[in-house]
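Presented below is the structure to which this report refers.
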């Protein structure tokens, strides 16, 4: 390896990238393009958490994550339209993120239906690259991000040339002959040898536990650069928000887990993994992704969920009214532990809600104010209503947002629909059937 000899009789070794900007691969295989349509780091396609093994919302059009305040709905891909309330917004993916030594800055492109991003939907100014449509194909980088663990062929060191190598390059070969990476540059290590890490691939749900939220990074390491907009606003998930991951990487130290990271879900990441291959493909290592930390040696940031949450969104928003004599604090995230924004809602106020989130087994539903102004809860901790839907149609549902049809009220459901349709008919039609309900004096 470099000035060493490959040893095929020894078990493969794992190296972890230390350089903040990642490491470039020398002599990689011929690069190719890959279709990146309908991808999202939090897409609901493909089922629910790999832990639960079920999919309670397999036909849902909602995305798998509560949106962060960084890019609002950018990282969500609705799947279907239902009752005219599905979000038809674009799915955005980050690509072309420059690593150290590159051209500088961040290059992000929009993808989905080939349209540009509507900047009026977001509370902050987006990077200029996001405002332009991207091509249907994307080429992958040849840079492995900081923190990534990769399997390389073992080597036999040539002791006679050890001193001469101190100021020279040493390389390790990726499994399968997929290229070479430097082990050190000018005497400084850019990778380190680690114990065999644990990789879990599939669909996993997490909820942010850290009160201050969690930043999203370009690689599975605290040394990896954080992702932020041109305005300097970091891409982050607030306390209580849900996110979906397609890969979980656990690093060990002294035979004990030392830190763990999750890769935000994207359809293309799932398609790149070949479970039948003896080694990991180069494209799955270098394809740019977004990573969040699950835990460190002394702190837990994300809590894994056995069941996916229920998430509903409406582009125009639902109208909700605050119950009289109520005073509701607005939180930065969908959790009572999240910091407050200092802007309470008073009784009688009317607000627009663009997202409703109910955790597994929770009776409290969190409502996201339009334009990312914060989160409020629909009931108090004791179960008393605090927010009432303005629409009569939505008042038929339970506070959790689930329809009452199938919860002991299936027989009354059709009658309520008839009553609702009758009210609408009275509002918009002056002539009613002779045998229909009468309006006015008998």
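Numbering (the working numbering), first residue to last: 94 to 535. Cβ atoms here follow ideal geometry from the backbone N, Cα and C, with glycine treated the same way.
1. DSSP beta-bridge partners for residue 458?
2. Please report how far the alpha carbon of residue 442 lies from the alpha carbon of residue 421, in whole angstroms.
3. Three-state secondary structure (DSSP) at residue 464?
4. Where does the unbroken beta strand (DSSP E) through residue 339 begin, and where does it stop?
5. Report the three-state DSSP secondary structure of residue 249 (helix, strand or coil).
6. With DSSP as the reference, identify every bridge partner of residue 385, one or two as the case may be.
7. On the three-state DSSP scale, how would you describe residue 379?
8. Take residue 106 and list the residues in its own chain whose beta-carbon comes closer than 7 Å to its own, dropping the five residues that flank it on each side.
9. Of the residues 295, 111, 395 and 341, which one's Cα is nearest the Cα of residue 329?
10. Looking only at its chain, what residues have a beta carbon closer than 6 Å to the beta carbon of residue 293, apart from the 5 residues adjacent to it on each side?
11. Can you list, in chain order, the residues of its chain whose CB lies under 6 Å from that of residue 104, leaving out five sequence neighbours each side?
12. Over what stretch of residues does the alpha helix (DSSP H) that includes residue 360 continue unbroken?
13. Would you call the region 465-480 in contact with the region 421-437, where contact means no fewer than 3 C-beta pairs closer than 8 Å?
14. Quick check: the region 315-322 against the region 403-418, are there 3 or more CB pairs under 8 Å?
15. Take residue 463 and list the residues in its own chain whose beta-carbon comes closer than 8 Å to its own, dropping the five residues that flank it on each side.
16. Would DSSP call residue 122 helix, strand or coil?
17. Could you check which residue in 400, 307 and 430 has the C-alpha nearest to that of residue 50?
18. Candidates 370, 335 and 288: which alpha carbon is nearest residue 307's?
19. Once you ignore the five residues that flank residue 289 on each side, which residues in its own chain have a CB closer than 8 Å to its CB?
20. Pull the bridge partners of residue 282 from the DSSP assignment, please.
21. Taking buried to mean at least 16 other C-beta atoms within 10 Å of its own C-beta, is residue 436 buried or exposed?
22. Taking buried to mean at least 16 other C-beta atoms within 10 Å of its own C-beta, is residue 433 buried or exposed?
23. Do you know how far the Cα of residue 361 is from the Cα of residue 279?
24. Drop a sphere of 10 angstroms on the beta-carbon of residue 281, count the other beta-carbons inside from all chains shown, and report buried for 16 or more, exposed for fewer.
25. Which one of 269, 429 and 482 has the shortest CA to CA distance from residue 473?
26. For residue 349 and residue 477, I'd like the C-alpha separation in whole angstroms.
27. Go through its chain and collect everything with a Cβ distance to residue 393's Cβ below 7 Å, but skip five positions before and after it.
28. Among all the DSSP beta bridges, which residues are the ones paired with residue 242?
29. If we ignore side chains and look at the alpha-carbon of each, how far apart do residue 461 and residue 296 end up?
30. Return the residue from the list 310, 338 and 314 that minimises the CA-CA distance to residue 327.
31. Kindly give me the distance between the Cβ atoms of residue 238 and residue 110, rounded to whole angstroms, as I take these residues to be in contact under 8 Å.
32. Determine the closest residue to residue 52 out of 419, 283, 482 and 119, with distance taken between C-alpha atoms.
A quick look at the data gives this:
1. Walking along the chain shown from the start, residue 458 turns up at place 365. Partner(s): 451.
2. In the chain shown, the residue the question calls residue 442 occupies position 349. In the chain shown, the residue the question calls residue 421 occupies position 328. Looking at the two C-alpha atoms, the distance is approximately 10 Å.
3. The residue labelled residue 464 in the question sits at position 371 within the chain shown. Residue 464: helix per DSSP, three-state reduction.
4. Taking the first residue of the chain shown as position 1, residue 339 is located at position 246. Per DSSP, residue 339 belongs to the beta strand (DSSP E) from 335-346.
5. Along the chain shown, read from residue 1 onward, the residue named residue 249 stands at position 156. Here residue 249 sits in strand by DSSP.
6. In the chain shown, residue 385 corresponds to position 292, counting from 1. DSSP, once it has assigned bridges, lists 355 as partnering residue 385.
7. Mapped onto the chain shown, residue 379 falls at position 286. Correct three-state label for residue 379: helix.
8. The count along the chain shown starts at 1 and reaches residue 106 at position 13. The residues are 245, 247 and 286.
9. For the purposes of this step, residue 329 is identified with residue 236 of the chain shown, where counting begins at 1. The candidate whose alpha carbon is nearest that of residue 329 is 395.
10. Here residue 293 refers to the residue found at position 200 of the chain shown. Counting only Cβ-Cβ distances below 6 Å, and skipping sequence neighbours, we find 341.
11. Working through the chain shown from its first residue, we reach residue 104 at position 11. Excluding positions up to five away in sequence, the list is empty.
12. For this step, residue 360 is matched to residue 267 along the chain shown. Unbroken alpha helix (DSSP H) run through residue 360: 360-365.
13. yes
14. The region 315-322 vs the region 403-418: no contact.
15. In the chain shown, counting from the first residue as 1, residue 463 sits at position 370. Excluding residues within five positions, the ones whose Cβ falls inside 8 Å are 410, 444, 445, 446 and 447.
16. Mapped onto the chain shown, residue 122 falls at position 29. Note: residue 122 maps to coil in three-state DSSP.
17. There is simply no residue 50 to check, as the chain begins at 94 and stops at 535 in what is shown.
18. Walking along the chain shown from the start, residue 307 turns up at place 214. Of 370, 335 and 288, the residue nearest in Cα terms is 335.
19. For this step, residue 289 is matched to residue 196 along the chain shown. Result list for residue 289: 107 and 345, in chain order.
20. In the chain shown, counting from the first residue as 1, residue 282 sits at position 189. In the DSSP output, where bridge partners are listed per residue, residue 282 has 277.
21. For this step, residue 436 is matched to residue 343 along the chain shown. When all chains shown are included, residue 436 counts as exposed.
22. Your numbering for residue 433 matches position 340 in the chain shown. Under this definition residue 433 is an exposed residue.
23. In the chain shown, the residue the question calls residue 279 occupies position 186. In the chain shown, the residue the question calls residue 361 occupies position 268. Cα-Cα distance, rounded: 36 Å.
24. Against the chain shown, residue 281 aligns to sequence position 188. By the neighbour-count rule (16 or more Cβ atoms within 10 Å), residue 281 is not buried but exposed.
25. For the purposes of this step, residue 473 is taken as residue 380 along the chain shown, with counting starting at 1. When only C-alpha atoms are compared, the closest one is 429.
26. Counted from its first residue, the chain shown places residue 349 at position 256. Counted from its first residue, the chain shown places residue 477 at position 384. So the two alpha carbons sit approximately 45 Å from each other.
27. One-based indexing of the chain shown puts residue 393 at position 300. Closer than 7 Å at Cβ, skipping near neighbours: 302.
28. Counting from 1 along the chain shown, the entry for residue 242 is found at position 149. 109.
29. Position 368 of the chain shown, counted from the first residue, corresponds to residue 461. Position 203 of the chain shown, counted from the first residue, corresponds to residue 296. Residue 461 and residue 296: Cα-Cα distance of roughly 25 Å.
30. If you number the chain shown from 1, residue 327 lands on position 234. Residue 327 has its Cα closest to that of 310, out of 310, 338 and 314.
31. In the chain shown, residue 238 corresponds to position 145, counting from 1. In the chain shown, residue 110 corresponds to position 17, counting from 1. At roughly 7 Å, the Cβ-Cβ gap stays under 8 Å, so residue 238 and residue 110 are in contact.
32. Any answer about residue 52 is impossible in this case: the structure gives the chain only from 94 up to 535.
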